[in-house]
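Per my numbering, the sequence shown starts with residue 5, numbered consecutively.
Positions of the beta carbon are idealized from the N, C-alpha and C atoms, including for glycine.
None of these values were measured; they are calculated from a predicted model.
Report on one structure; see the data block that follows.
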Amino acid sequence: MIASESFEQYAAGLQVELEKEIGGGFKFGRLPDIAFAKLLFPETDQPIGQEASKRIWQALVDDGYLNEHGDLTDNFTPHQKGFQLRLPPEFQSLEPSVLEEMKRYTFRDRVIDARERRKLRFNKRIELNEDFKALWERINKKTRYSVEFSTDELIAKAAEKIRNMDPIQPLRILVDKQDLEITLAGVERGRVSDSRTVFVRAHKRLPDILAFLQRETELTRATLVEILKRCGRLKEFTVNPQAFMTEVAKLIKAALHELVVDGIKYEQIDGEVYEMRLFEEYELETYLSRLYEVQHSRNATPYDYVPYDSEVELKIAQGLDENEKVRFFCKLPSWFVVPTPLGDYNPDWAVVTENDRKLYLVRETKDTKDRGKRREVENRKIDCGRAHFAALGVNFKVATNIHEVLGE
């Protein structure tokens with residue numbers, strides 16, 4: 005069978021079909037209440053039976069490891085260090101066996117889905133916070149950017165990048181033959197029984213490379229012709245036309261972005277601002293596992309929860325909430341963006357602190373300050389953000405911990 009879909013889609017569809025075919029309420033990954041009946045008491049080496057199995061099953065439901073249907077919940081995390089089941093005293097000796105039986109119903113590549121979602125409630129009292137008002141007046145202004153660069157410099161930079169790119173390889177078709185395994189948990193990947201590679205070396209018709217590059221980069225044909233002449237790699241176009249065009253377009257855009265960002269200038273747009281009411285109009289809803297509940301500063305941040313995308317952001321949220329000199333803070337919402345040539349940029353935090361004097365800060369939080377360890381498009385967008393906030397006279401920088409967030 006050659007499926008025109010991913011393995012995940014194919015497996016999910018097959019699994020649904022099998023559940024319908026079997027009927028009777030059967031569902032992969034669902035433990036029946038007699039699932040443990042064949043387990044043996046260590047003391048007697050005798051099966052525990054269906055009644056004991058039902059008692060264990062109900063105890064697992066009561067403790068939240070199973071739902072009322074017998075489906076495993078997100079509380080079942082045997083991969084975590086120190087995880088233990090809380091079984092009734094008479095069944096505690098069976099814990100290892102019960103745990104192994106439950107694992108049989110766990111999909112091998114199971115991704116824990118924090119199904120519980122939470123809608124963030126806007127705290128209207130925050131509108132009375134004078135620090136919030138003062139900060140918002142500083143950062144809410146929209147800007148436009150302009151750029152200056154030399155065409156000759158672009159041609160030289162792009163040609164150099166193409167000259168140094170990896171060799172273009174012939175088109176390869178990878179063919180894998182893989183078994184399916186149908187277990188109590190569901191339809192899963194089996195072993196790969198055959199794997200081979202077929203190379204396509206002949207191309208009877210070549211696409212219009214200039215039309216493709218012009219569409220991708222929006223540069224003139226004359227500029228593109230000069231880049232291709234200077235790069236010295238045009239012969240590889242016939243080896244794999246699509247791969248060559250795609251890589252060349254990517255490198256030309258990279259060169260263009262470098263020049264554009266280096267020469268970018270921002271200016272305020274008269275009368276255009278992000279209005280404070282958008283905090284209330286755009287409701288936020290996300291998974292509870294990605295929310296920090298505010299403990300100390302309920303009138304110093306717009307919502308009762310702070311969304312975070314990484315452990316660094318979680319620690320920052322905790323640090324801002326606990327620090328007495330923080331007068332206001334918020335994770336800037338997704339609608340608050342800075343326009344850049346590489347797409348919109350959404351900075352992380354807005355903060356007001358007061359010690360000897362008040363500071364109005366915007367911070368981007370990363371796990372490293374080493375530009376080489378971050379994606380280049382991230383670096384370029386941050387550079388644009390820095391230029392944008394410089395035009396507004398706002399203190400902006402990248403921070404990796406709470407002390408750097410609060411420092412000047």
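P311: member of the beta strand (DSSP E) spanning 309 to 311, first to last residue. For S57, DSSP assigns no beta-bridge partner whatsoever.
When Cβ pairs closer than 8 Å are counted between the two stretches, the segment 93 to 113 is seen not to touch the segment 311 to 324, the count staying below three. In the DSSP assignment, I130 falls outside any alpha helix (DSSP H), carrying neither H nor E.
Spatial neighbours of L178 in its own chain (CB-CB distance under 6 Å, excluding positions within 5 residues in sequence) are listed in chain order as T201. Here DSSP, grouped into helix, strand and coil, assigns K329 to coil. In this chain, the alpha helix (DSSP H) harbouring D156 covers 155 to 167. P306 is positioned such that its CB atom lies closer than 8 Å to that of N127. Nearest to H407 by C-alpha distance, out of H83, P337, L324, I386, is L324.
Fully enclosed beta strand (DSSP E) runs of no fewer than 3 residues occupy 175 to 186 of the segment 167 to 201, in order along the chain. Within the segment 241 to 317, complete alpha helix (DSSP H) segments of at least 4 residues are found at 245 to 266, 282 to 285, given in chain order. Contact holds between the segment 261 to 275 and the segment 330 to 347, because three or more Cβ pairs, one in each stretch, are under 8 Å apart.
According to the DSSP assignment, W353 belongs to no alpha helix (DSSP H) but to the beta strand (DSSP E) extending over 353 to 358. Of all alpha-carbon atoms in G389, D360, F333, the one lying nearest the alpha-carbon of N350 is that of G389.
Within the model, the alpha-carbon separation for H83 versus F45 is close to 25 Å. Between P51 and K42, the gap from beta carbon to beta carbon is short of 8 Å. With a cutoff of 8 Å on beta-carbon distance, L91 and E99 are scored as near each other. By the CB criterion at 8 Å, A247 and L217 fall outside the cutoff.
With distances taken between CA atoms, G397 lies nearest to Q272 out of V316, Q272, V409.
Beta-bridge pairing by DSSP links R367 to W353, K401. Between the beta-carbon of R125 and that of D308 there is about 5 Å, and that keeps the pair under the 8 Å contact cut. Separation of R361 and N133 (C-alpha to C-alpha, rounded to the nearest whole angstrom) is 17 Å. Going by C-alpha positions, S101 is about 14 Å away from I38. Distances from the CA of E230 to each of L214, N244, T242 were compared; the closest alpha carbon is that of L214. Rounded to whole angstroms, Q182 and E192 show a C-alpha spacing of 11 Å.
A check of alpha carbon separations from L175 across R167, K385, V298, V204 identifies V204 as the nearest. DSSP, reduced to helix, strand and coil, places F203 within a strand of the structure shown. Under the three-state reduction of DSSP output, R34 falls in the strand class. In the three-state scheme derived from DSSP, where H, G and I count as helix and E and B as strand, F126 is classed as strand.
Bridge pairing for V151: I268 [DSSP].
Residues N144 of the same chain have their beta carbon placed closer than 8 Å to that of E279, with the five preceding and five following residues left out of the count. Relative to L365, the option among R281, D374, K401, N359 whose CA is nearest is K401. Distance from the CA atom of E328 to the CA atom of K123, rounded to whole angstroms, is 27 Å.
Between V243 and I166, the C-beta spacing is not below 8 Å. Here the C-alpha atom of A56 lies approximately 22 Å from the C-alpha atom of F30.
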